[in-house]
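*Asks:* So the sequence shown is residues 0 to 399, counted in numbering that gives the first Met the number 0. Glycine included, every Cβ here is placed at the ideal spot set by N, Cα and C. Please read these numbers as outputs of a predicted model, since none were measured by experiment.
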Amino acid sequence: MSSETYDEKARILQVIISSQHLDKRSTGSIEDIVSDICGLQYDPNPTIHLNHYMMLWNRKKDFAVKDLDAAAYQEFQITEAFAFKRNMFFVPTKEFAIYRAALKDVVRWGSSDESWLAAANSPEDLNAEAELKKGLKDQPGMTTNQIWQCLHLSEEWNAYVKGRKAGDLSFELPIFRAFYRLKRKTDLVTCGRNPGTFKEPLYILKENIGIKEWPNSGMDKNDARAYIMEKLIAAFGVTYPVHISHITGIPTGEVTPFFFRLEQEGKIRPLKVGKKACYIHASKTDLLDKPADQDSEEVRLISPMDILVRDQTWLKTFFDYSYTFEYFKKKGMKWPLSILIGNRFVGYFDCKMEWRTGRFLIKEKNLFDSAFEDYKGIQLALQDLAAFHGAKEIVEQKPS
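#1: In angstroms, rounded to a whole number, what distance separates the CA positions of R309 and P303?
#2: What do you get for A223, buried or exposed, if any count of 16 or more other CB atoms within 10 angstroms of its CB means buried?
#3: Output the residue ranges of the beta strand (DSSP E) runs that lie fully inside the segment 79–149 and measure 3 residues or longer, sorted by chain position.
#4: Classify P240 as helix, strand or coil using the three-state DSSP reduction.
#5: Look at the alpha carbon of K397 and the alpha carbon of F324, and state the distance between them as a whole number of angstroms.
#6: Are at least three pairs of beta-carbons, each pair with one atom in the segment 119–128 and one in the segment 170–190, less than 8 Å apart?
#7: Residues bridged to G191 by DSSP?
#8: Less than 8 Å separating the beta-carbons of I77 and V33?
#9: Just to confirm my understanding: we take P256, look at its own chain, exclude 5 residues before and 5 after, and list those with CB closer than 8 Å. What are they?
#10: Since D22 and E296 are thought to touch, with beta carbons under 8 Å apart, how far apart are those beta carbons, to the nearest angstrom?
#11: Using a Cβ-Cβ cut-off of 7 Å (strictly less than) and excluding sequence neighbours within five positions of R24, which residues of its own chain qualify?
#12: Are A281 and R299 touching if we call contact CB-CB under 8 Å?
#13: So what does DSSP say about N221, is it helix, strand or coil?
#14: For F318, collect the residues of the same chain with a Cβ closer than 6 Å to its Cβ; drop the 5 residues on either side in sequence, then sort them by chain order.
#15: What is the DSSP secondary structure of N44, counted as helix, strand or coil?
#16: Quick one: is E74 buried, meaning 16 or more other Cβ sit within 10 Å of its Cβ, or exposed?
#17: Would you give the residue range spanned by the alpha helix (DSSP H) that G252 belongs to?
#18: So, with DSSP's three-state summary, where would you put H245?
#19: Pull the bridge partners of V394 from the DSSP assignment, please.
#20: Let's test the definition: count the other Cβ atoms within 10 Å of the Cβ of E264 and tell me whether it reaches 16, buried, or not, exposed.
#21: Is K362 near K351, with beta carbons less than 8 Å apart?
#22: Use the C-beta contact count for L379: other C-beta atoms within 10 angstroms, 16 or more gives buried, fewer gives exposed.
#23: For the alpha helix (DSSP H) that contains E154, what are its first and last residues?
#24: Leaving out five residues on either side along the sequence, give the residues of the same chain with a beta carbon under 7 Å from the beta carbon of N221.
#25: On the criterion of 16 or more Cβ atoms from any shown chain inside 10 Å, does R163 qualify as buried, or is it exposed?
#26: For A370, count the other beta carbons within 10 Å of its own beta carbon; 16 or more makes it buried, fewer makes it exposed. Which is it?
#27: Just curious, the beta strand (DSSP E) that D349 is in, first and last residue?
#28: Check this for me: beta carbons of Y72 and V64, under 8 Å apart or not?
#29: L150: which of D31, G166, V160 and K133 sits nearest, CA to CA?
#30: Let's test the definition: count the other Cβ atoms within 10 Å of the Cβ of P240 and tell me whether it reaches 16, buried, or not, exposed.
#31: Does DSSP put G389 in a helix, in a strand, or in coil?
#32: Roughly how many angstroms separate the alpha carbons of A9 and W147, rounded to a whole number?
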């Protein structure tokens with residue numbers, strides 16, 4: 000971004016930050032915030048509060064964990080669904096069918112939802128789906144094991160699970176395949192999660208909670224993709240096709256024509272960022288004419304699974320910031336919370352919540368900008384985060 004003035008850069012960053020509801024915490028509904036930022040990725044890692052809670056803590060005023068749980072599992076305003084890159088997300092219930100139509104062909108781990116479902120679509124499989132739906136009609140939310148107890152198939156399920164671990168699928172029954180299919184299609188809805196480290200899900204038929212058909216069902220795939228891509232461009236404010244490809248899993252060659260379509264429709268506009276050809280959502284262009292709030296002191300502690308930081312190239316392009324974290328490393332796992340002050344990243348904390356002892360651990364503090372070494376706002380944000388976790392104390396560990 001070397002060709003821009005400092006003020007021009009600040010204005011572009013302001014567009015991005017405000018589009019992400021990170022300039023000031025929103026008083027809007029969880030449903031509206033989730034819609035605006037195109038979902039919350041569900042991640043089961045319990046190092047600190049799960050990613051979806053962290054995303055809303057950074058964006059919604061006076062947010063509490065119970066607020067998201069109520070919106071998802073009691074009011075069903077948002078729904079757990081397989082979305083970008085076939086990962087689990089919370090998306091607005093009224094938009095679920097649009098996400099599904101737009102993303103069903105996304106290939107990951109060698110297959111797409113569409114191909115995976117088609118591979119088990121025989122008359123036997125369809126009959127098994129009908130049998131499973133009949134058995135679960137009018138039943139309350141249940142764990143996987145409770146479902147098979149209810150259907151008197153516990154022994155068969157246990158044998159199947161044991162065999163699957165050994166690579167033996169001979170114990171698989173069509174009704175077990177039907178279970179996975181109904182989950183993938185979200186005919187089986189997650190209606191709650193049990194307490195514990197990995198929050199075991201409770202499943203219920205969508206009809207049992209009054210959803211006969213998902214709103215917006217039957218939308219053409221191309222129209223659905225145009226809808227989702229426009230929402231993503233608005234969610235970031237300023238972006239480009241490769242970034243949207245990396246977020247969604249849709250190949251860049253399939254993304255680019257939609258940018259052309261949206262430009263022709265006047266919904267997005269070209270914007271040069273340095274030497275890079277980008278686009279801004281038409282609804283955001285007025286923000287470029289407003290003076291940038293270069294002295295904002297708002298502090299956000301951004302989860303590494305937050306959609307804002309998921310694509311490192313885009314992050315580096317606009318914020319000149321990057322970070323690394325170890326997700327699969329069981330010992331010494333790094334879970335950095337990037338420190339965003341106003342519209343710039345100044346470093347990160349590597350944090351861990353000891354749920355048993357109530358201690359919130361600061362394992363590492365790394366500030367790249369020395370101007371913020373003693374900034375009180377960072378410490379206040381940490382105190383707020385510890386309180387959000389119900390921590391009894393904050394412990395800053397000494398480097399070994």
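*Replies:* Taking the geometry as given:
#1: 7 Å
#2: buried
#3: 87–91
#4: helix
#5: 20 Å
#6: yes
#7: L201
#8: yes
#9: none
#10: At roughly 12 Å, the Cβ-Cβ gap does not stay under 8 Å, so D22 and E296 are not in contact.
#11: R58, K59 and K60
#12: no
#13: helix
#14: F344
#15: coil
#16: exposed
#17: T251 to Q263
#18: helix
#19: L360
#20: exposed
#21: yes
#22: exposed
#23: S153 to K164
#24: none
#25: exposed
#26: exposed
#27: R343 to E353
#28: no
#29: K133
#30: buried
#31: coil
#32: 56 Å
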